[in-house]
Structures are given as structure tokens and as C-alpha cells.
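Just so we're aligned: the sequence shown equals residues 21 to 227 in this note's numbering. Accompanying notes for the structure given below.
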Amino acid sequence: GSKSILLLFAVLGFAYGQVNNTVRASDCCQAIEITSQGVTLVNQWTRLGKYFLDGEEGGRPVYKQDNSQNYLYFIGAWIPGYNWWYVGDNLGVNQGGLINMDKEAICPDQITVTWEAYAWTGEWEDVNDWVPDPDLKITCVNKDDTTPQHEKTTTSVKESCTWGSFCDGCSVTSTVDGVTYCCANNCNSGGININNDEDGLQCYCYH
């Protein structure tokens with residue numbers, strides 16, 4: 021009777037929804053670019069640049085950075101109930117340098133929720149937590165196109181830092197343990213990356 025028909029429609033509808041999701045994931049842009057001039061540029065600059073579609077998982081696309089260092093993925097495809105996006109260097113792992121809580125978007129360029137970056141240096145050194153980056157944008161690009169932002173991010177050479185009075189008047193600085201660090205050259209632009217681990221403090225700049 022009618023129950024069987026309704027059940028059949030429900031089954032067909034579910035099947036169609038699953039197929040439709042898969043199609044939508046595979047229809048996502050072949051190449052995207054992550055750009056930012058905000059907190060991400062200073063704290064998670066290695067996550068910026070161009071990514072290529074590298075398959076899909078759980079009905080959502082997986083993107084791989086052009087230098088193979090990072091992935092953009094929906095963690096819920098690996099861990100049910102973890103409905104958010106990551107940009108990180110270990111695919112399918114519940115950690116990353118960028119996070120987004122938009123569970124509705126199928127393609128990352130459709131995300132409407134503000135991305136957050138894990139911030140620990142520069143003006144955010146006392147935060148050491150997720151910080152919203154409304155300036156972060158994900159856009160579709162041609163697979164062969166490269167924007168100036170992308171070139172700057174992936175071809176930048178690590179430059180030396182200096183510290184102390186040499187940084188007086190510089191607009192881009194970072195203070196660690198009471199010591200102010202800045203770029204040895206062009207200290208009014210670019211960013212600073214400082215790692216303080218068992219190997220000691222390592223500082224480098226990028227433009």
C-alpha cells in the first residue's frame with residue numbers, strides 16, 4: 021500500500037541525495053587559492069597558496085597544496101560528528117593551522133563562515149588560540165594561473181631576522197621573552213616566523 025510507496029520514495033530520495041552530493045563534490049573547482057593579508061599571513065603563511073582537487077572523501081572534496089605540504093579537507097569525512105574544515109599538513113587528522121565550522125558547504129569556495137587561524141606570534145603571541153580571519157578568502161582559479169599573492173607565498177625565501185634597537189621604528193615586529201625581533205631588511209612589510217622549541221629559538225622573515 022501507501023507505506024511501501026512512501027518508503028520506496030524515501031529510499032530513492034536518500035540514494036539520489038547521496039549521488040547528488042558526490043556529483044557536487046566532484047564538480048567543485050579543480051584549483052583554488054587561499055589568500056589573506058590578516059592574521060593567517062603572519063601566523064599560518066605556509067597554508068596560503070594554490071591547491072588542486074585531489075579526490076573526495078565522504079561526499080566532500082579533498083584539496084592538496086601545489087607544493088604537497090598541506091591539505092584542505094572536511095574532517096567529518098574521517099571522524100563522524102566532527103563537522104568542520106581544516107587546512108593542515110596531515111590529511112584526515114583532527115588538527116590544522118586553519119579551521120572553519122561551516123558544515124553546510126560542499127565546496128570550500130562556497131563557505132560563508134569566517135575562517136580562523138591558529139595564532140601564536142606577532143600581535144597575537146599572548147593569544148595562542150584560534151583567531152578569526154575575515155580577510156581569508158578561498159577563490160576558484162584556473163589550474164595554470166598564478167596570482168601575485170600565490171607567487172609571493174610559495175617563492176618567498178626565508179630571510180634573516182635582527183633584534184633589539186635595530187627594530188626601533190619597524191612596523192612588523194614580534195616580541196618573545198622580552199626581546200623584539202624584526203626583519204633585517206624591509207622591516208615595514210612581510211611577516212616574521214619564530215619557533216621556540218628544544219632546538220632553541222629560530223627566527224626568519226618572509227616577503
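All residues carry an ideal CB built from backbone N, CA and C; glycine is no exception.
{"Item": "Reduced DSSP secondary structure (H/G/I, E/B, other) of Trp98", "Value": "coil"}
{"Item": "Rounded C-alpha distance that separates Ile95 from Gln57", "Value": "26 Å"}
{"Item": "Element boundaries [alpha helix (DSSP H), containing Arg44]", "Value": "Ser22 to Ser46"}
{"Item": "Residues near Tyr83 in its chain [Cβ-Cβ closer than 8 Å; skip 5 each side]", "Value": "Ile52, Tyr71, Phe72, Leu73, Asp74, Tyr91, Leu92, Tyr93 and Pro128"}
{"Item": "Rounded Cβ spacing between Ile54 and Arg44 (contact assumed at less than 8 Å)", "Value": "21 Å between Cβ atoms; not a contact."}
{"Item": "Spatial distance of Ser180 from Trp104 (CA atoms)", "Value": "36 Å"}
{"Item": "Sequence-distant residues of the same chain with beta carbon closer than 7 Å to Trp144, five excluded per side", "Value": "Val59, Asn63 and Val151"}
{"Item": "Segment limits, alpha helix (DSSP H) that includes Thr60", "Value": "Val59 to Asn63"}
{"Item": "Straight-line gap, Tyr106 to Thr193 (C-alpha atoms, nearest Å)", "Value": "28 Å"}
{"Item": "Bounding residues of the beta strand (DSSP E) (the contiguous stretch that carries Val107)", "Value": "Trp105 to Gly108"}
{"Item": "Within the stretch 125-207, ranges of the alpha helix (DSSP H) (whole runs, at least 4 residues)", "Value": "168-175"}
{"Item": "Neighbourhood of Tyr102 by C-beta, 7 Å cutoff - its chain only, sequence neighbours within 5 removed", "Value": "Ile95, Gly96 and Asn114"}
{"Item": "Cα-Cα separation between Glu125 and Ile131, rounded to whole angstroms", "Value": "The identity of residue 125 in the sequence shown is Ala, whereas the question assumes Glu. So the alpha carbons of these two residues sit roughly 5 Å apart."}
{"Item": "Identity of the residues DSSP links to Arg67 by a beta bridge", "Value": "Answer by DSSP bridge pairing: none, since Arg67 is not bridged."}
{"Item": "Cβ-Cβ distance between Gly136 and Ile119 below 8 Å", "Value": "In the sequence under discussion, the amino acid at residue 136 is Glu, which differs from the Gly named in the question. A contact, by the Cβ cut-off of 8 Å."}
{"Item": "Own chain partners of Pro81 with C-beta closer than 7 Å, once the 5 adjacent residues on each side are dropped", "Value": "Ala45, Cys48, Leu73 and Cys127"}
{"Item": "Reduced DSSP category for Asp74 - H, G, I as helix; E, B as strand; rest coil", "Value": "strand"}
{"Item": "Buried or exposed by the 16-neighbour rule on C-beta atoms within 10 Å, applied to Leu61", "Value": "buried"}
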